[in-house]
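Here is the structure we will look at, set down as structure tokens.
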Amino acid sequence: MEKKVVMADVDKMNTEEKDCYPGIKAMPFVIGNETFEKLGTLGTSANLLVYLTTVFNMHSISATNLVNIFNGTANFATILGAFLCDTYFGRYNTLAFASISSFLGMIVLAMTAAVNKMHPPHCVSESGECSGPTFWQMGFLLIGFGFLVVGAGGIRPCNLAFGADQFNPKTESGKRGITSFFNWYYFTFTFAMMVSLTFIVYVQTNISWAWGLAIPAFLMFCSCAMFFLGTKLYVVVKPDGSPMSSMLQVVVAAIKNRKLELPDEPSPSLYNHIPSTSINAKLPHTKQFRCLDKAAVVTSEHDINIDGTAADPWRLCSMQHIEEAKCLIRVLPIWFAIIIYFIMIVQQSNYTVFQALQLDRRVGAANFRIPAGTYTVFTMIALTIWIPIYDRLILPQLRKLTGEEGGITLLQKMGIGMFLAIITMLVSAFIEERRRTLSFTSPIGNDPNTGAISSLSGFWLVPQLVLGGISEAFTIIGQIEFYYKQFPENMRSIGASLTFLGMACSSYLHSLIISTVHQTTRGTGSLGDWLSQDLNKGRLDYMFYMIAAIQAVNLGYFIACARWYRYKGSDNSSVGEIDMEKVKVSSEKVTV
359 MEKKVVMADV DKMNTEEKDC YPGIKAMPFV IGNETFEKLG TLGTSANLLV
409 YLTTVFNMHS ISATNLVNIF NGTANFATIL GAFLCDTYFG RYNTLAFASI
459 SSFLGMIVLA MTAAVNKMHP PHCVSESGEC SGPTFWQMGF LLIGFGFLVV
509 GAGGIRPCNL AFGADQFNPK TESGKRGITS FFNWYYFTFT FAMMVSLTFI
559 VYVQTNISWA WGLAIPAFLM FCSCAMFFLG TKLYVVVKPD GSPMSSMLQV
609 VVAAIKNRKL ELPDEPSPSL YNHIPSTSIN AKLPHTKQFR CLDKAAVVTS
659 EHDINIDGTA ADPWRLCSMQ HIEEAKCLIR VLPIWFAIII YFIMIVQQSN
709 YTVFQALQLD RRVGAANFRI PAGTYTVFTM IALTIWIPIY DRLILPQLRK
759 LTGEEGGITL LQKMGIGMFL AIITMLVSAF IEERRRTLSF TSPIGNDPNT
809 GAISSLSGFW LVPQLVLGGI SEAFTIIGQI EFYYKQFPEN MRSIGASLTF
859 LGMACSSYLH SLIISTVHQT TRGTGSLGDW LSQDLNKGRL DYMFYMIAAI
909 QAVNLGYFIA CARWYRYKGS DNSSVGEIDM EKVKVSSEKV TV
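If you're matching positions, the sequence shown starts at 359 in my numbering and goes up one per residue.
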């Protein structure tokens, strides 16, 4: 058999057809596509707050809310992208369409900076009111955001699963390749973030916004080119129908059969047909959510067709589908805790920029100023340094102590990250309080758009950013691996989308929190507005303390959920295939 890799349908593969998986051969194109896509996307979004407040002359609260809504919508779109991918288009077609949409969005956004009539005139007056964007200027900006939302909705839930598709999961080399791909996937994210937050942000802030937004557009063009160049190598998994439909069928069938009795123990009387074309591994029966097992109770010999399929899948579902539905239901409480955790990420990423604007950002004798949007690069540096230290030094020792392949369980890993989120917010509050105090006692200047600039060095932001980065290394990487391993194979795009859907919900929730705090604290006497345009007139440190309290309550909730959770396949009880000759049907119950 020649070792020439061609376009392949995974449904037609078997274990012997190992050469159909390109594996490492496809990685230059997949990783190249990933890297350029992240460089383009992050280069566009990393400095959006500064762009909206300085070029579009938006108020900080309005700009923050718009960025939160944009990020939330982009992340929320991933659930729709995952559904369309798994049901109709497949990962390859979805990625192709979404990549082109992202490229168009970046072109539109670059035009808002390059064409003078597409943004408000520059604000030069220190005392007068700056004119905001017109209806058409704002509309054109939102069109660019719309293209980016469509692109994010298709790329984010599919790129990780598409890369893993290129390896044979039935071989040891394929399993190692998938693990290696996960490491490279997150490395490209940190690399792209560092480049975006340094070089691209510097160009945007100090040279030209037009060039600073055109560079990401060019990088996105390179991403599209890399993706299409590897077309002949890729394994293309055809869509296997809507996994969400089978989840809904389980719930509906369980409700219809709610009056039927279940056998005391797992029994062959429960329907458990698994189609030969299914790409999902067989799941053992679990005792949680036993009420759903009623969806598999056979009430008539006519419920099952000659070929073994259910005559009405809305009344009879296989135990395999029921266990797949249970996987999703078990994950949801954990997912809710992650939503609350992400509030810390959003708070830090947004307000670190505003803090930096009112800190001493000078470096060296030449008084070079670090762009405010660049400081979050320290989060990525912390991630880049911490991941290999943990993987090479700490993890082997943990394996010896616990006997776990991962050193600690995935839920323990996420819990550590959530604890560090509390510490991060407390440190942020302390540093903000110090910054504010020095802005009154020893200011070094005044910014017309913000206020007095504190003499505190901008490098005092580094501790909170490093802690935030290590927190992300535990919680977010653990979450990605958790969803990938706990979801059935045909739901991995949806599993990946849950990460971004959680980010979307947290962005909306954070926007609601800051709007509520702003409206509640405005004009309340001595305290004043916590989130004033001039941070010196507000109390951002109180906001950090409040988020820390929210994270503490969330950690307690997460620990309770983690103690209740059962990992996929952890219950050894099983359900056999149904034997119709042994089934006696009555109108009330099924007996064997």
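Each residue gets a CB set at the ideal place from its N, CA and C atoms; glycine is no exception.
Residues of its chain near residue i, where Cβ-Cβ distance is below 6 Å and the 5 sequence neighbours each way are ignored
| i | result |
| --- | --- |
| residue 405 | 559, 562 and 731 |
| residue 787 | 899, 902 and 903 |
| residue 459 | 505, 508 and 509 |
| residue 451 | none |
Sheet register partners of residue i (DSSP bridge)
| i | result |
| --- | --- |
| residue 727 | 720 |
| residue 655 | 628 |
| residue 803 | 811 |
| residue 662 | 668 |
| residue 559 | Answer is none; residue 559 lacks a bridge partner. |
Closer than 8 Å to chain B by CB, residue i
| i | result |
| --- | --- |
| residue 759 | The chain inventory of the structure shown lacks chain B, comprising one protein chain alone. |
Same chain, Cβ closer than 7 Å to residue i, neighbours up to 5 away in sequence not counted
| i | result |
| --- | --- |
| residue 485 | Bear in mind that a pLDDT of 49 at residue 485, under 50, signals an unreliable position, so the model cannot answer this. |
| residue 665 | none |
| residue 718 | 802, 811, 812, 813, 814, 815 and 816 |
| residue 947 | Confidence at residue 947 is low in this model, with a pLDDT of 37, below 50, so the placement of that residue should be treated as unreliable; the coordinate-derived value is given next. So the list reads 618 and 619, once near-sequence residues are dropped. |
| residue 825 | 778, 781, 782 and 785 |
| residue 580 | 394 |
| residue 727 | 719 and 720 |
| residue 680 | 608, 650, 651, 653 and 654 |
| residue 669 | 660, 661, 662 and 663 |
Residue nearest to residue i in terms of C-alpha spacing, selected from the options
| i | options | result |
| --- | --- | --- |
| residue 829 | 384, 775, 857 and 853 | 775 |
| residue 427 | 868, 488 and 673 | 868 |
| residue 510 | 654, 825, 437 and 823 | 437 |
| residue 548 | 446, 589, 835 and 921 | 835 |
| residue 791 | 418, 768, 752 and 896 | 896 |
| residue 684 | 644, 430 and 513 | 644 |
| residue 553 | 770, 875, 757 and 735 | 735 |
| residue 729 | 760, 492 and 557 | 557 |
| residue 403 | 385, 418 and 432 | 432 |
| residue 740 | 823, 798, 703 and 765 | 823 |
| residue 710 | 692, 615, 819 and 805 | 819 |
| residue 914 | 925, 821, 772 and 837 | 772 |
| residue 738 | 754, 551, 893 and 429 | 551 |
| residue 687 | 646, 584, 701 and 667 | 646 |
| residue 583 | 916, 924, 389 and 383 | 389 |
| residue 470 | 492, 457 and 770 | 492 |
N-terminal and C-terminal residue of the alpha helix (DSSP H) that residue i is part of
| i | result |
| --- | --- |
| residue 812 | It is not in any alpha helix (DSSP H) - residue 812 carries neither H nor E in the DSSP assignment. |
| residue 523 | 493 to 523 |
| residue 443 | No alpha helix (DSSP H) holds residue 443; DSSP gives it neither H nor E. |
| residue 830 | 820 to 844 |
| residue 685 | 677 to 715 |
| residue 899 | 898 to 922 |
| residue 409 | 406 to 412 |
| residue 742 | 735 to 747 |
| residue 750 | Segment: none, residue 750 is in no alpha helix (DSSP H) and carries neither H nor E. |
| residue 580 | 567 to 587 |
| residue 398 | 385 to 403 |
Cβ shell of residue i (< 8 Å), same chain only, five flanking positions each side left out
| i | result |
| --- | --- |
| residue 784 | 902, 903 and 906 |
| residue 424 | 410 and 416 |
| residue 419 | 872, 873, 876, 889 and 891 |
On the three-pair Cβ rule with 8 Å, is the region 495 to 507 touching the region 600 to 611?
-> As far as the Cβ criterion goes, the region 495 to 507 does not touch the region 600 to 611, which means the pair count is below three.
Answer yes if the region 667 to 675 comes into contact with the region 645 to 657, meaning at least three C-beta pairs across the two stretches below 8 Å, and no otherwise.
-> yes
contact_flag[the region 696 to 715, the region 856 to 864] where n(CB pairs < 8 Å) is 3 or more = yes
Would you be able to state if there are at least three C-beta pairs under 8 Å between the region 703 to 718 and the region 838 to 852?
-> no
Segment contact flag, the region 462 to 472 with the region 571 to 578, C-beta cutoff 8 Å, min 3 pairs = yes
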